[in-house]
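What follows is a short report on a single structure.
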Amino acid sequence: MATPVDTSVSEVRTDAAPAKAIEGRSLGRIAWSRLKRDKVAMTGGVVVLLLIVMAIFAPFIVKLLGHPPNEFHQDTALLDPSLGNLPRGDFLFFTNSGISGDFLFGLEPLNGRDLFSRVVYGAQISLLIAFLATVLSVLIGATLGVIAGFFGGWVDTLISRAMDLFLAFPLLVFAMAIVGVLPDTAFGLSGNGLRIAMLIFVIGFFNWPYVARIVRGQALSLREREFIDAARSLGARGPYIVFREMLPNLIAPILIYTTLTIPTNVLFEAGLSFLGVGIQAPTASWGGMLGKATEYYNVPHFMFFPGMAIFVTVLAFNLFGDGLRDALDPKGRR
Amino acid sequence: MVNYIIRRLFGGAIMLFAVSIATFLIFFGLPRLAGATPESFAARYVGPRATAEVQAQAAEKLGLNDPLYEQYGRWVKAIFVGADYDYGPAVEHCPAPCFGYSFITKRPVFDDLLDRLPVTASLALGAAVIWLLAGVATGVLSALRRGSLFDRFAMGTALAGVSLPIFFTGTLALSIFSYGRPFDWTARGSSYTPITEDPGMWAYNLILPWITLAFLYAAAYARNTRAGMLETMGEDYIRTARAKGLRERTVVVKHGLRGALTPIITIFGLDLGLLLGGAVLTETTFSLQGIGKFTIEAINKGDFPRIMGVTMLAAFFIVIANLVVDLLYAVVDPRVRLS
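Taken in sequence, the protein lines are chains W and V. First residue of the first sequence: 1, per my numbering; consecutive thereafter. First residue of the second sequence: 1, per my numbering; consecutive thereafter.
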C-alpha cells in the first residue's frame, strides 16, 4: 500500500514541461497534485475548512446574523400559544417554523431560541469532540499497532488480544453507560466541561483498536523490507527503527484513517447527545437538538437544520477522506 | 473442523469472561474510586429515602461490603445456579441463568432481556435482509457498469447514505410518512405487534424502521461490494474463467461475486451481532421497546445489574457473530481452510 518515503528512486513524471528542470518530487507533493485535480474531494476539503472557521468564529457570526444561542424569545408575536407555543410563520414547506430575516433557521418551539445560532454553536462542540477523540485514538492505536507489528512475538499476541477484547465490547452501550453514570463533578471539572472531556476520552479510548489493526498490518509487511534490514545492519535499535524508519512510511494510512474517523466520531457524539447522555442543554449540540426535535414531528424545520448540519459535516469529511485515499494510494483507485 | 469449532468456542468463552470482568470493574469498581460507598450502592435497592441504618443493613446483607472479587464470584455463580437477593424488607429469588436482579423493575434482568429480544431481533433481521439484498445488488451492478449513469447515481446516493445518522433520517421519515407531512401511510412511533399475534401488522409496523435502518447499511454495503467486485473482476482467475468459455453470468456470480463476498460476510456478521445487542439509536428514534431502549432506561436510572446484563448479552452476540463469520468463510471462500 504505502510507498516508502525515503525511496531513492524519485518518481519523475515524463510529461513535465521540457523547459523546467526535472526534479524529484516527494510522495506528499505527488499526492497533493493528485488531490488538487480531484474537484469533489477539494469541495469536501473547502467545506471542512469553512466549518472549522464557522466553529471558531461562532460568536461573531451569531452577533451579525442571529441572537445569543441561549436567549429565549417567548413573545406571543413569535410563538403561538394556541398551538402549544409553536413558532408563528411558514416558509416553504417548513410550517410553523418562524423562519424570517431575523431568525434565519426559525425558532425552537416552546422556548423560542434562535435555531440558527444554536446550529452555528453546535459546530464547536461537534468538531472539538470529534477532532480530539480522533487524535486520542490515533495516538494510542498507531503506537500500539506499530509496536505490535514490529516486535511480533508475545508483544504482538498481547496487543492483538487486547484489540479483540476492545472490539468485543458493545461500544455504544459502554459509552452511554460510562457517560450516563457520571457524577456532577470529577477530576476538577464539572457540568458540560466534564462531559466534553469524558466524551473525548470514551470515544477516543474505545476506538483505538481500529487504527491499531490497520497500522499493525502495514507494520508487519514493512518489517520485511530491505530498508529496515539496512537500518539494522547499520546498528539501529528498535525504537529508532520504529519511530524514524517505519512511522514515516505509515503516515499515509494513518492520515487516511484519521480523516475518515473524524466523521464517524461526529456521528458518535451526535448519537450520544441525541440519546440524552452526551452534551446537556442549554449547551447547543446537533444531536441534542435532534433529540428534542423528536417531540415535534409537526414542525420539520426543528429536525431539518441540525440534521443537515450533521449530514453536511460528515459528508464533507467523507468526500475529502475518500479523495485523500485515492491521492495517497494510487493502486486503490476505485 | 470440529476441533476448530471447539477451540473457537473455548476462545469465545474466555472472551466473554474477560468482558465480564472488565464490565464488572467499570461499574462496581470505578464508582468506588469516584467516592461511591457500599451504602450508596445499597440505596439503589432500598431507595434513597431509607435511613442510613437501613441502607447499611442492606449493604451488609447484599454483600456490598465484601471485596470486589467475592462480589464478582457471586455474580458469576448466580448465572449457573441462580441467587436469592435478601435486601432487608424481602427476599427476591432470581433463578438460573441469573444475570443480576434489577431492584428498580423488581425482576430478574434475564427475564426482561428475553421479553425485549423479539423486538430487537425483528428489527435487526428484517432490516438485515433488505440491506444485504439491496446493498450487494447495487454494488454488483455498479461495478459491472462502472462509470455509467446508474453507477454514479448509486454511488452518490450511497455516499450520502453513509453520511446520514439514523436519528435524522428516522425522524425525517416519520415526519414525512407517518405524521402527515405530507403523508400518513406508515405506522407512527412506538408501534409494535409480535409476529405471533399478527404477521401482517408486524410487518406494517416495522416497514419504516426497516427501510430507514437498511438504507444506511445498504449504502455502506454497496460501496464495499462495488470496490470488492472491481478488485476480483480484475483477478487472473476471472480471465481464466472467461477463457474457458464460461457464460458471463457464471463468471460474474460464481467466480467474481464469490470472491467479493468474503469481506462482506465479515462486516455483515459483525453488524448483525452489534445490532442484536441493541439497536439503541433506531429503537429510540422509533420508540420501539427493544434491548436498546432497555439499555437507555437502565442507564438513565443508574441500574447497574441491568447495564451489566445488557453488556454481557451484547458481547455474547458479538462473540457468536465472529464465530459464525469465520465458519461461513470456509464455506464461501474455497481458499480458506480451517485448521
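Note that beta-carbon positions come from the ideal geometry of N, C-alpha and C, so glycine has one too.
List the residues of chain V whose Cβ lies closer than 7 angstroms to the Cβ of residue i, in chain order.
i: VAL345(W); result: This structure gives no information on residue 345(W), because the portion of chain W shown stretches from 1 to 334.
i: ILE310(W); result: PRO165 and PHE168
i: VAL120(W); result: Going along chain V, no residue has its Cβ under 7 angstroms from VAL120(W), so there is no contact; the nearest lies around 18 angstroms.
Would you report the Cα separation of residue i and residue j, rounded to the nearest angstrom?
i: VAL47(W); j: ALA41(W); result: 10 angstroms
i: ALA121(V); j: GLY228(V); result: 29 angstroms
i: GLU235(V); j: THR134(W); result: 36 angstroms
i: GLY63(V); j: SER20(V); result: 19 angstroms
i: LEU125(V); j: ALA137(V); result: 18 angstroms
i: ALA18(V); j: THR186(V); result: 44 angstroms
i: ASP164(W); j: ASP84(V); result: 34 angstroms
i: LEU261(V); j: VAL332(V); result: 8 angstroms
i: LEU25(V); j: GLU70(V); result: 12 angstroms
i: LEU44(V); j: PHE305(W); result: A quick correction: the sequence has Arg, not Leu, at residue 44(V). Spanning the two alpha carbons is a distance of roughly 40 angstroms.
i: ARG113(W); j: LEU128(W); result: 23 angstroms
i: GLY149(W); j: PHE205(W); result: 20 angstroms
i: THR250(V); j: ILE238(V); result: 10 angstroms
i: PHE177(V); j: ARG188(V); result: 9 angstroms
i: TRP202(V); j: ALA218(V); result: 22 angstroms
i: PHE268(W); j: LEU172(W); result: 8 angstroms
i: ASN70(W); j: PHE116(W); result: 11 angstroms
i: ILE214(W); j: ASP329(W); result: 14 angstroms
i: THR3(W); j: ASN249(W); result: Any reading at THR3(W) must be qualified, since the residue scores a pLDDT of 46, below 50, and its modelled position is unreliable; no value is offered.
i: ASN224(V); j: ILE256(W); result: 17 angstroms
i: PRO95(V); j: SER126(W); result: 45 angstroms
i: VAL253(V); j: ARG223(W); result: 38 angstroms
Starting from residue i, find everything on chain W with Cβ-Cβ shorter than 8 angstroms and list it in chain order.
i: MET15(V); result: ASP164, LEU165 and ALA168
i: THR285(V); result: THR294
i: TYR179(V); result: TYR297 and ASN298
i: VAL19(V); result: LEU165, ALA168 and PHE169
i: THR171(V); result: LEU290, ALA293, THR294, TYR297, MET303 and GLY307
i: LEU261(V); result: Neighbours of LEU261(V) on chain W: none; closest Cβ ~18 angstroms, over 8 angstroms.
What do you get for residue i, buried or exposed, if any count of 16 or more other CB atoms within 10 angstroms of its CB means buried?
i: THR7(W); result: With a pLDDT of only 43 at THR7(W), under the threshold of 50, the placement of this residue in the model should not be trusted; the figure read from the coordinates follows. Flag for THR7(W) reads exposed.
i: VAL9(W); result: Summary for VAL9(W): the model assigns pLDDT 44, below 50, so the residue's position carries little reliability, and this model does not support an answer.
i: SER233(W); result: exposed
i: GLU295(W); result: exposed
i: ASN318(W); result: buried
i: LEU281(V); result: buried
i: GLU11(W); result: Any answer about GLU11(W) is weak, because its pLDDT of 47 lies below 50 and its placement is not dependable; what the coordinates show is given next. Looking at its Cβ environment, which holds fewer than 16 other Cβ atoms inside 10 Å, GLU11(W) is exposed.
i: THR14(W); result: Unreliable positioning characterises THR14(W) in this predicted model, as indicated by a pLDDT of 48, which lies under 50. The coordinate reading is nonetheless provided below. By the neighbour-count rule (16 or more Cβ atoms within 10 Å), THR14(W) is not buried but exposed.
i: ILE196(W); result: buried
i: LYS293(V); result: buried
i: TRP154(W); result: exposed
i: GLU39(V); result: buried
i: VAL322(W); result: Note that residue 322(W) corresponds to Asp in the displayed sequence, not to Val. ASP322(W) should be labelled buried.
i: THR261(W); result: buried
In terms of residue numbering, what span does the alpha helix (DSSP H) encompassing residue i cover?
i: TYR221(V); result: 199-233
i: MET155(V); result: 149-162
i: PHE316(V); result: 304-332
i: MET1(V); result: No alpha helix (DSSP H) contains MET1(V), which DSSP labels as neither H nor E.
i: LYS254(V); result: That residue, LYS254(V), is in no alpha helix (DSSP H); it is neither H nor E in DSSP.
i: LEU288(V); result: First-last for LEU288(V): undefined, no H or E at that position.
i: GLU269(W); result: 247-275
i: SER285(W); result: Counting along the chain, SER285(W) falls outside any alpha helix (DSSP H), and DSSP gives it neither H nor E.
i: PRO59(W); result: 58-65
Just the chain W side, please: which residues come within less than 7 angstroms of residue i by C-beta, in chain order?
i: ALA315(V); result: ALA168, PHE169 and PRO170
i: VAL310(V); result: VAL173
i: ALA160(V); result: LEU315
i: ILE264(V); result: In chain order: nothing, as chain W lies at least about 16 angstroms away.
i: LEU132(V); result: Result: empty, since nearest Cβ-Cβ is about 21 angstroms, beyond 7 angstroms.
i: ILE307(V); result: ALA177
Below 9 angstroms on C-beta distance, what does residue i contact in chain W?
i: ILE207(V); result: The premise fails here: ILE207(V) is roughly 18 angstroms from chain W at the closest Cβ pair, so nothing lies under 9 angstroms.
i: VAL319(V); result: ALA168
Which residue comes first and which comes last in the beta strand (DSSP E) that contains residue i?
i: HIS93(V); result: 91-94
i: ASP38(W); result: Unbroken run through ASP38(W): none, as it is neither H nor E.
i: TYR85(V); result: 83-86
Going by DSSP, what residues sit across from residue i in a beta bridge?
i: ASP184(V); result: None, per the DSSP bridge assignment.
i: ARG118(W); result: DSSP lists no partner for ARG118(W).
i: ASP80(W); result: LEU86(W)
Considering only heavy atoms of the ligand NAP, does any lie closer than 7 angstroms to the CB of residue i?
i: GLN289(V); result: No copy of the ligand NAP appears in this structure; indeed no ligand is present at all.
For a contact defined as C-beta to C-beta under 9 angstroms, what are the partners of residue i on chain V?
i: GLY323(W); result: Those within 9 angstroms of GLY323(W) in chain V number zero; the least Cβ separation is about 12 angstroms.
i: PRO209(W); result: Within 9 angstroms Cβ-Cβ: nothing; PRO209(W) doesn't reach chain V, min ~13 angstroms.
i: GLY271(W); result: PRO165, ILE166, PHE167, VAL280 and LEU281
i: LEU328(W); result: Within 9 angstroms Cβ-Cβ: nothing; LEU328(W) doesn't reach chain V, min ~16 angstroms.
Which residues in chain V have a C-beta closer than 8 angstroms to the C-beta of residue i? List them in chain order.
i: PRO263(W); result: SER163
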